[in-house]
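A.B. asks: My questions all concern the structure below.
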Amino acid sequence: MILRLVGAAWLAIFLLCSCSGGGESFSEAGEGSGTGDAIEIHLPGGDWGMPTPFTFYPRGMGYVHLSLIYDTLVWKDHQGTIPWLAKNWECSQDGLVWTFHLHPGVQWQDGKPLTARDVRFTFDYLKRYPVEWFSLEKVRDVEVPNDLTAVFYLESPYAPFLNQIAGSVPILPEHIWRDVSNPRETSAPDRVVGSGPYRLVQYDKAQGAYAYDANPAFFLGEPRVRKLFFVPVGDPVAALERGVVAEATVPASLLAKFREDKRFQLLSGPSYWVLNLQFNLNRFPFSEVQVRHALAHAVDRKALIEQSVPGGLEGAKPGNPGFMSPDSNWYDPSLKDLYSYDPVRSRELLEMAGIGDRNEDGVCEDSNGKPMQFTLLTTSSYLREAEALQLMLRKIGFTLDLKSLDIKTLDAMVREGRFDLALTGHGGLGGDPSIIYGFGGARDDPFSAGMPKDPEYLRTAELLSIRSDPAERMALCKTMQQLYARELPVLPLYYPVWFIAYRPDVFQGWFYTGEGGIGIGVPLPYNKLAFIKGRKP
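full-length UniProt numbering numbers the first residue of the sequence shown as 1 and each following residue consecutively.
Shown next, in the form of structure tokens:
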């Protein structure tokens, strides 16, 4: 039964629990957890929706919550892909047929058996009721020769199939969902049934709070971390220092402080998240490539980082017009200075597009005399970046009005095309290079990097998704980055360098997931494998 605690009741319970330790040592698991007794972990909260595949909020933490309850055919550890629900698999020589052999004896959290029929149902159901996070157009059919075998037939070879599909799509219980015709409107707690290591026992939307209990019947054994609490806190760093939570992301400007404080340890992760200046490609003048190039030359990305990011260049890496993170093995460094800071060149490009300051009032006009005055959407987290952009673009005659919104409202306005410019970001940059295509056009969602219209780009993207030879894929990826930078559907501003501080006396199993992150590429340290094993892999 799922209990719903609200307001002060939630906070009181979490604050009381934050002082307790538990009673089971992790020493036999390999690496201890400091004093060795913690079996409960409290983490910063936030509302990411009811954790079902149809109601979770489609950003990284939303998927993290989903992954605690639901399992995928394969998963990833700190190095890369590992067996999960499937104990092994094989692929045909032509890349069109993938066969997965399931672990026997896996149960849903209500005790019913999980079989290959649930796998087939999942893909049929998600095609009928699609979810933007999962792109399934490559899957033609799934056959079930027996209860423990699922055979996937693809429309064409798909190089990132394991990570992008088998390793990200949560398998659903057919007996729970088969009669549900409105899954996006179904948030009943009794639908939150997976096969995963944790059961949802409490969720408070208003407080952004969740509580999970370990699933004693989990097919890999009962998780070593018995309880997970996501706590409603205003300032995660302050909550970490007070002992309310066991882990928090910290800015680079506070690293020295946390290095000196022996209560904490630090862990850094790769820069697989990007903050973009997103253009509305359906509105003039941002529909014009010369204007986008002009704005790129008007933005001093290093100065923006120094002015906006705590810790300056220790806390973020300048954006690459080719989109890929400099921490990715697929990154093409030749593009990083393609649009160097050059306001003179910026104004030249604007003149070529018919835009200039004709009445010498400091604001540019188009050929019809319309002033270049626009609204830049942002969130409170990126107000400093927005203010820096406002000043930089003012120097070339563009006036920006800043509008700060909560992230969900901003996402909705971008999705619906109700914006001029927006500061928005996403992860997913560390995995397969086809992610360039995924964010570039294959996924019509608010985190899309825009839709390049260049036919050469689209042809190259398709080849990248079907070719398997590493050298050929590297060459294709380089070409795609060059084409992306030429069209510049968004301007990548920077890639944050992630640092977490944690209390090793509570838990020290934190790690960043290999092959780009959790699922399709969530660059967060909340891999459920850490909680299952109670230690680093």
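Built from N, CA and C at the ideal position, the CB exists for glycine as well. Computed from a predicted structure; not experimentally measured.
1) Taking one C-beta from the stretch 247-259 and one from the stretch 304-324 each time, how about it: are there three or more such pairs within less than 8 Å?
2) Would you call Gly105 buried or exposed, if buried means 16 or more other Cβ atoms sit within 10 Å of its Cβ?
3) Compute the beta-carbon to beta-carbon distance between Pro58 and Ser434, rounded to the nearest angstrom, for a pair I have assumed lies under 8 Å.
4) Quick one: Cα of Leu240 to Cα of Phe230, how far?
5) Could you check what DSSP says for Leu529 in three-state terms: helix, strand or coil?
6) Are the Cβ atoms of Leu524 and Asn276 separated by less than 8 Å?
7) For Ser27, which of helix, strand or coil comes out of DSSP?
8) Residues in its own chain within less than 6 Å of Cys91 by CB, not counting five upstream and five downstream?
9) Using 8 Å as the threshold, is the stretch 356-376 in touch with the stretch 389-399, meaning 3 or more CB pairs across them?
10) Can you tell me whether DSSP reads Tyr203 as helix, strand or coil?
11) Need the endpoints of the beta strand (DSSP E) that Val231 sits in, please.
12) For the candidate residues Gly517, Tyr512, Lys533 and Ile532, whose alpha-carbon lies nearest to that of Leu266?
13) For Ala248, report the span of its beta strand (DSSP E) as first-last.
14) Cutting at 7 Å between CB atoms, please list the residues of its own chain near Lys127, excluding the five before and the five after it.
15) Applying the criterion that 16 or more other CB atoms from any shown protein chain within 10 Å of the CB defines a buried residue, is Ala296 buried or exposed?
16) Ordered along the chain, which non-local residues of its own chain (more than five positions away) have a Cβ less than 8 Å from that of Tyr198?
17) With DSSP as the reference, label Arg70 as helix, strand or coil.
18) Between which two residues does the alpha helix (DSSP H) holding Ile396 run?
19) Residue ranges of each alpha helix (DSSP H) run of no fewer than 4 residues wholly in the stretch 259-346, ordered along the chain?
20) So, helix, strand or coil for Cys91, using DSSP?
21) Around the C-beta of Val344, are 16 or more other C-beta atoms found within 10 angstroms, so that it is buried, or is it exposed?
22) Where do the ends of the beta strand (DSSP E) carrying Gln373 lie?
23) Beta carbon of Ala166, beta carbon of Val144: below 8 Å?
24) Just mark Ala9 as buried or exposed, buried being the case when its beta carbon has 16 or more other beta carbons within 10 Å.
25) In chain order, what residues of the same chain have a beta carbon less than 7 Å from the beta carbon of Gly427, not counting five sequence neighbours either side?
26) For a test of the three-state rule: what should DSSP assign to Glu456, helix, strand or coil?
27) Buried or exposed, going by whether 16 or more other CB atoms sit within 10 Å of the CB of Thr409?
28) Where does His101 sit, in a helix, a strand or coil, going by DSSP?
C.D. replies: Taking the geometry as given:
1) Under the Cβ criterion (8 Å, minimum of three pairs), the stretch 247-259 counts as touching the stretch 304-324.
2) Taking the sequence shown and counting its residues from 1, the one referred to as residue 105 is at position 105. By the Cβ-count criterion, Gly105 is exposed, with fewer than 16 other Cβ atoms from all chains shown falling within 10 Å of its own Cβ.
3) By one-based count along the sequence shown, residue 58 stands at place 58. By one-based count along the sequence shown, residue 434 stands at place 434. The pair is not a contact, with the Cβ atoms about 19 Å apart (cut-off 8 Å).
4) By 1-based counting over the sequence shown, the position of residue 240 is 240. By 1-based counting over the sequence shown, the position of residue 230 is 230. C-alpha separation (whole angstroms): 13 Å.
5) By one-based count along the sequence shown, residue 529 stands at place 529. Note: Leu529 maps to helix in three-state DSSP.
6) Walking along the sequence shown from the start, residue 524 turns up at place 524. Walking along the sequence shown from the start, residue 276 turns up at place 276. Not closer than 8 Å, so no.
7) Here residue 27 refers to the residue found at position 27 when the sequence shown is read from its first residue. Residue confidence is low: Ser27 scores 26 on pLDDT, short of 50, so the model does not pin down where it sits. No coordinate-derived value is stated.
8) Within the sequence shown, residue 91 is the residue found at index 91, counting from 1. For Cys91, where only same-chain residues beyond five positions count, the Cβ hits under 6 Å are Trp98.
9) Contact between the stretch 356-376 and the stretch 389-399 is present, because at least three Cβ pairs lie under 8 Å.
10) As a working mapping, residue 203 is identified with position 203 in the sequence shown. Secondary structure of Tyr203 (DSSP, three-state): strand.
11) In the sequence shown, residue 231 corresponds to position 231, counting from 1. In the DSSP annotation of this structure, the continuous segment of the beta strand (DSSP E) that includes Val231 starts and ends at Lys227 to Val231.
12) Reading the sequence shown from its first residue, position 266 is the one you call residue 266. Tyr512 is the residue among Gly517, Tyr512, Lys533 and Ile532 whose C-alpha sits nearest the C-alpha of Leu266.
13) Here the question's residue 248 lines up with position 248 in the sequence shown. Glu247 to Thr249 is the extent of the beta strand (DSSP E) around Ala248.
14) Here residue 127 is taken as the residue at index 127 of the sequence shown, counted from 1. So the list reads Leu136, once near-sequence residues are dropped.
15) Taking the first residue of the sequence shown as position 1, residue 296 is located at position 296. By the 10 Å Cβ count, Ala296 comes out buried.
16) Mapped onto the sequence shown, residue 198 falls at position 198. Hits under 8 Å: Leu68, Ile69, Tyr212, Asp213, Ala214, Asn215, Pro223, Leu228, Lys528 and Phe531.
17) Here residue 70 refers to the residue found at position 70 of the sequence shown. Note that residue 70 corresponds to Tyr in the displayed sequence, not to Arg. Three-state DSSP puts Tyr70 in coil, outside helix and strand.
18) Indexing the sequence shown from 1 puts residue 396 at position 396. Where Ile396 is concerned, there is no enclosing alpha helix (DSSP H), given that its DSSP letter is neither H nor E.
19) DSSP runs (the alpha helix (DSSP H)) wholly in the stretch 259-346: 289-298 and 301-308.
20) Along the sequence shown, one-based indexing puts residue 91 at 91. In the structure shown, Cys91 sits in a strand (DSSP, three-state: E or B).
21) Start at 1 with the first residue of the sequence shown, and residue 344 comes out as number 344. Label assigned to Val344: exposed.
22) Position 373 of the sequence shown, counting from 1, holds the residue named residue 373. Counting along the chain, the beta strand (DSSP E) containing Gln373 begins and ends at Gln373 to Thr378.
23) Working through the sequence shown from its first residue, we reach residue 166 at position 166. Working through the sequence shown from its first residue, we reach residue 144 at position 144. Between Ala166 and Val144, the CB-CB gap reaches or exceeds 8 Å.
24) One-based indexing of the sequence shown puts residue 9 at position 9. Low confidence applies here, because Ala9 scores a pLDDT of 38, under 50, leaving its location unreliable and the question unanswered by this model.
25) Counting from 1 along the sequence shown, the entry for residue 427 is found at position 427. Gly60, Tyr272, Trp273, Gly517, Gly521, Val522 and Pro523, listed in sequence order.
26) Counted from its first residue, the sequence shown places residue 456 at position 456. Glu456 falls in the helix class under three-state DSSP.
27) To locate residue 409, count along the sequence shown from 1; it is residue 409. So Thr409 counts as exposed.
28) The residue labelled residue 101 in the question sits at position 101 within the sequence shown. Correct three-state label for His101: strand.
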